[in-house]
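Chains as they are written, first to last, in the numbering used here: chain W, 17 to 220; chain E, 2 to 223.
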């Protein structure tokens, strides 16, 4: 009876994974990073659409911070984490710019939705690059996608977690290989002496 | 005691007779086979994950690696996740080279070239494919009551595996072989109170088929 009753609550996934440092030459930039509370606590809620569906809560905030910490520390010569939100005109000493990542949207699909045997997570990020005083330099969006196949004795929760980890790894790969080619970021990189031609080139 | 043994023996015999069958086919085309084996170099086996409607199963990639390593201990097979992590982000689905020519471009990055040299990677084997359930039939109904529960009926389903392994030689930066395997098998599940699944090991057969050919290519002992 307890087992039957437990099926009434939403299916919860706290995304957990290990994220490697990137194998890149760090850019000669000291970057300030601000993770908003909304970003740190990011969670995706999906209400059941029918009697056969279940509600889902996918919490990605902790894993987001973990992945972006590992990536940015490997991508840039130095990272300074900001204690307060940028834009208050108090410039932290020695930084070249401030990166503010945010998640615009997250979507997921499980085999019962799509009739194909993969679990999928899709995310859209919005990045703001600010000068040390908090004034905007560039804003751009980036998508990421992760999927994992069904596996014997694997629950929906485990599979969605794996798909989310794949989506996070993809976000890191997309950012690492594309950052120097974002048109609105190029002038800032040129200004700080980072050669655009030296950008890591993603395999086609 | 004797009667119980006879009953168990009969049951086992019936189950063996009922065991599901798998049909498989392996095609191979290889060049520059290393006649002396690969020495102290290593091999990495990676799953292709570019298709939108399927993903090469990580357990299939593991199965092929385990098969090769268990039969020739001198071949070092680098574990997929270990390789992906040590070369992140260069072998993710978004960034992984699709052709050997792309490796040349990748090796212009000193850190990548250095890491690959540290790992002594001689061959990369890409595995692309999946196992799908292609058809099912039969009916089975189950019921639970205060006195217990049970199922009655018969169901059957077919699984199809289709995998292709592409071998890239790191030193030549060229493709040196392809091995393709297909396997089909029908599984059954009769139920009289208790369902008895008789599973056709389709994916396992495909794994053995492709791994045996790869072992023959890589090992000097086979």
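Just so you know, even glycine gets a beta-carbon here, dropped at the ideal spot from N, CA and C.
When rounded, the separation of the alpha-carbon atoms in residue 98 (chain E) and residue 156 (chain W) is 26 angstroms. Nearest neighbour of residue 183 (chain E) by Cα position, chosen from E:202, E:174 and E:191, turns out to be E:202. Judged by their CB atoms, residue 125 (chain E) and residue 171 (chain E) are nearer to each other than the 9 angstroms cut-off.
Interface residue (Cβ-Cβ distance to chain E less than 9 angstroms): residue 210 (chain W) is not classified as such.
Neighbours of residue 35 (chain E) in chain W, taken as residues at a C-beta separation under 8 angstroms, are lacking, since the least C-beta distance is about 26 angstroms. Note that the C-beta distance between residue 167 (chain W) and residue 58 (chain E) is below 9 angstroms. Interface residue (Cβ-Cβ distance to chain W less than 9 angstroms): residue 95 (chain E) is classified as such. The three-state reading of DSSP puts residue 183 (chain W) in helix, counting H, G and I together.
In this structure residue 128 (chain E) is buried. Its beta-carbon is surrounded by 16 or more other beta-carbon atoms within 10 angstroms. When secondary structure is reduced to three states using DSSP, residue 165 (chain W) falls in the strand class. Within chain W, no residue has its CB atom less than 9 angstroms from the CB of residue 117 (chain E), the nearest being about 10 angstroms off. The criterion of a C-beta distance shorter than 9 angstroms is not satisfied by residue 148 (chain W) and residue 99 (chain W).
Taking 7 angstroms as the cut-off between beta carbons, none of the residues of the stretch 149 to 178 of chain E comes near chain W.
Annotation: Cβ neighbours of residue 41 (chain W) in chain E (cutoff 9 angstroms, chain order): 110, 111 and 112. Just so you know, the alpha carbons of residue 162 (chain E) and residue 204 (chain W) end up roughly 51 angstroms apart. The closest CA to that of residue 76 (chain E), considering only E:123, E:54, E:55 and E:85, is found on E:123. For residue 106 (chain E), the three-state secondary structure derived from DSSP is helix.
The count of Cβ pairs closer than 8 angstroms, one atom from the stretch 197 to 215 of chain E and one from the stretch 165 to 180 of chain E, reaches three, so the stretches are in contact. Beyond the five residues adjoining it in sequence on each side, residue 86 (chain W) comes within less than 6 angstroms, by CB distance, of 35 and 37 in the same chain, given in chain order. When rounded, the separation of the alpha-carbon atoms in residue 159 (chain W) and residue 144 (chain E) is 47 angstroms.
Contact between the stretch 41 to 51 of chain E and the stretch 184 to 191 of chain E is absent: fewer than three C-beta pairs spanning the two stretches fall below 8 angstroms. Annotated three-state conformation of residue 38 (chain E) is coil, per DSSP.
Shown here for residue 137 (chain E): same chain residues with a beta carbon closer than 8 angstroms to its own, the five before and five after excluded, namely 156, 157, 158 and 159 in chain order. In the displayed model, residue 87 (chain E) falls within a helix according to three-state DSSP. In this structure residue 97 (chain W) is exposed. Its beta-carbon is surrounded by fewer than 16 other beta-carbon atoms within 10 angstroms. Around the beta carbon of residue 187 (chain W), a 10 Å sphere encloses 16 or more other beta carbons of the protein chains shown; the residue is thus reported as buried. Residue 45 (chain W): member of the beta strand (DSSP E) spanning 43 to 49, first to last residue. Boundaries of the beta strand (DSSP E) harbouring residue 128 (chain E): 122 to 146, taken from the DSSP string.
Listed along chain W, the residues sitting closer than 7 angstroms to residue 90 (chain E) by beta-carbon distance are 38, 188, 189, 192 and 193.
Look at residue 154 (chain E) here: in three-state DSSP terms it is strand.
Look at the stretch 70 to 149 of chain W and you find these whole runs of beta strand (DSSP E), each 3 residues long or longer: 72 to 75, 92 to 97, 113 to 125 and 134 to 146. Shortest Cα-Cα distance from residue 28 (chain E) to any of E:211, E:221, E:113 and E:112 involves E:211.
A distance below 9 angstroms separates the beta carbons of residue 96 (chain E) and residue 193 (chain W).
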